[in-house]
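Just below is one structure, and these are the notes that go with it.
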Amino acid sequence: MLNLTGKNALVTGIANNRSIAWGIAQQLHQAGANLGVTFLPDEKGRYEKKVAELVEPLQPSLFLPCDVQNDEQIESTFATVQEKWGKLDILIHCLAFANKDDLTGDFSKTSRAGFNLALEVSAYSLVQLSRAASPLMTEGGSIITLTYLGGVRVIPNYNVMGIAKAALEMNVRYLAAELGPQNIRVNAISAGPIRTLASSAVGGILDMIHHVEEIAPLRRTVTQTEVGNTAAFLASDLSSGITGQILYVDSGYAIMGM
Ligand SMILES: NC(=O)c1ccc[n+]([C@@H]2O[C@H](COP(=O)([O-])OP(=O)(O)OC[C@H]3O[C@@H](n4cnc5c(N)ncnc54)[C@H](O)[C@@H]3O)[C@@H](O)[C@H]2O)c1
Numbered sequence: 095m096l097n098l099t100g101k102n103a104l105v106t107g108i109a110n111n112r113s114i115a116w117g118i119a120q121q122l123h124q125a126g127a128n129l130g131v132t133f134l135p136d137e138k139g140r141y142e143k144k145v146a147e148l149v150e151p152l153q154p155s156l157f158l159p160c161d162v163q164n165d166e167q168i169e170s171t172f173a174t175v176q177e178k179w180g181k182l183d184i185l186i187h188c189l190a191f192a193n194k195d196d197l198t199g200d201f202s203k204t205s206r207a208g209f210n211l212a213l214e215v216s217a218y219s220l221v222q223l224s225r226a227a228s229p230l231m232t233e234g235g236s237i238i239t240l241t242y243l244g245g246v247r248v249i250p251n252y253n254v255m256g257i258a259k260a261a262l263e264m265n266v267r268y269l270a271a272e273l274g275p276q277n278i279r280v281n282a283i284s285a286g287p288i289r290t291l292a293s294s295a296v297g298g299i300l301d302m303i304h305h306v307e308e309i310a311p312l313r314r315t316v317t318q319t320e321v322g323n324t325a326a327f328l329a330s331d332l333s334s335g336i337t338g339q340i341l342y343v344d345s346g347y348a349i350m351g352m
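The numbering of the sequence shown is our numbering, which starts it at 95 and goes up by one.
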């Protein structure tokens, strides 16, 4: 049975009730995990308030600001995890960012700054968080990130985020190889398109969803809950032999040639 009782899970990337990370947090909570939630702080504290209200029913025992572009916040997040929990079992990396201008039109027009920003926040952050998390995973662990088909195939307008996802997927393999001897598993879920804050920045996201509804074997796209269920499986001992993998939760869309 899927049981995460006694496991400590740190979840990044909840912005609102459409966030994939919100779907994941709910499923981890339902399976019995003790949750810690991080949020992206903004000057007016709006995110903090909104996310705090949303996650309140899941009673997270940690609620911390963590901007992955801020080394001090990352350090302080994991210092708090160590102090309050002693050990970490599950890390959910569910965040990405690129300038909206770089998510539409010609890919060749991507600026150096836009390229670096997308790669830093969306791919390098997994390396940073894994480096900070792994010493706390003293009883083994599971690190899970979120990717998309645009990292292996050309999807209109996905552009620089596709390059970031390609890097992210390779990060998964290198991290899995390095951390495997400590019984820390690293996997990615490649989710089908879902309407969220981040995906609405990608030009033509609704067209992408409609295309999936027509072509995918299941004739629909997926929900945050379905992604959350797969994350709970990858977080649990039921997936103890799986590491370094990209698991597609996409209604089967990626198998189709035409
Ligand atoms: N929605 C989709 O169709 C889809 C499909 C496949 C993969 N994904 C991936 O799922 C993940 C979650 O995205 P989502 O669609 O749930 O959108 P979302 O907007 O709800 O989540 C993105 C999160 O990234 C966080 N973030 C951005 N910059 C950050 C920073 N510097 N530091 C810390 N956090 C930061 C935001 O606060 C937000 O919580 C992303 O990696 C995304 O690429 C999304």
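Glycine included, each C-beta is placed from N, C-alpha and C at the ideal position. Just so it is clear, the structure is predicted and the values come from calculations on it, not from any experiment.
Residues of its chain near residue i, where Cβ-Cβ distance is below 6 Å and the 5 sequence neighbours each way are ignored
i, result
"Ala192", "Ala212, Val254, Met255"
"Arg279", "Ser236, Thr337"
"Ala227", "Leu182, Leu185"
"Ser224", "Ile237, Leu269"
"Thr324", "Ile283, Val343"
Own chain residues within Cβ distance below 8 Å of residue i, not counting five before or after
i, result
"Pro287", "Tyr242, Ser293, Ile299, Met302, Ile303, Val306, Thr315"
"Arg289", "Arg112, Ile299, Leu300, Ile303"
CB contact flag (residue i, residue j, <7 Å)
i, j, result
"Ile184", "Ala271", "no"
"Gln176", "Leu230", "yes"
"Leu220", "His187", "yes"
"Leu134", "Asp161", "yes"
"Ser330", "Leu96", "yes"
"Ile283", "Leu332", "no"
"Ile114", "Gln339", "no"
"Gly107", "Leu189", "yes"
"Leu312", "Asn281", "no"
"Asn277", "Gly234", "yes"
"Ala109", "Lys194", "no"
Cutoff 7 Å; reference residue i; Cβ partners in own chain excluding five residues on either side
i, result
"Pro154", "Leu129, Gly130, Val131"
"Ala261", "Leu213, Ala217"
"Val244", "Per the sequence presented here, residue 244 reads as Gly, with Val not at that position. Closer than 7 Å at Cβ, skipping near neighbours: Tyr252, Met255, Gly256, Lys259."
"Gly274", "Thr337"
"Glu263", "Thr241, Gly245, Ala282, Ile340"
8 Å contact criterion, which residue i and residue j should meet: CB distance rounded
i, j, result
"Ala258", "Ser216", "4 Å"
"Gly322", "Gly117", "4 Å"
"Glu326", "Leu156", "Per the sequence shown, the amino acid found at residue 326 is Ala instead of Glu. In fact, because the Cβ distance is near 19 Å, the residues do not count as touching under 8 Å."
"Leu98", "Ala127", "4 Å"
| request: When you get a sec, list the residues whose CB is within less than 5 Å of any heavy atom of ligand 1, chain order please. | output: Cβ atoms closer than 5 Å to ligand 1 belong to Gly107, Ala109, Ser113, Ile114, Leu134, Asp161, Val162, Gln163, Cys188, Leu189, Ala190, Phe191, Val215, Leu240, Tyr242, Ala285, Pro287, Ile288, Thr290, Leu291, Ala292, Ser293.
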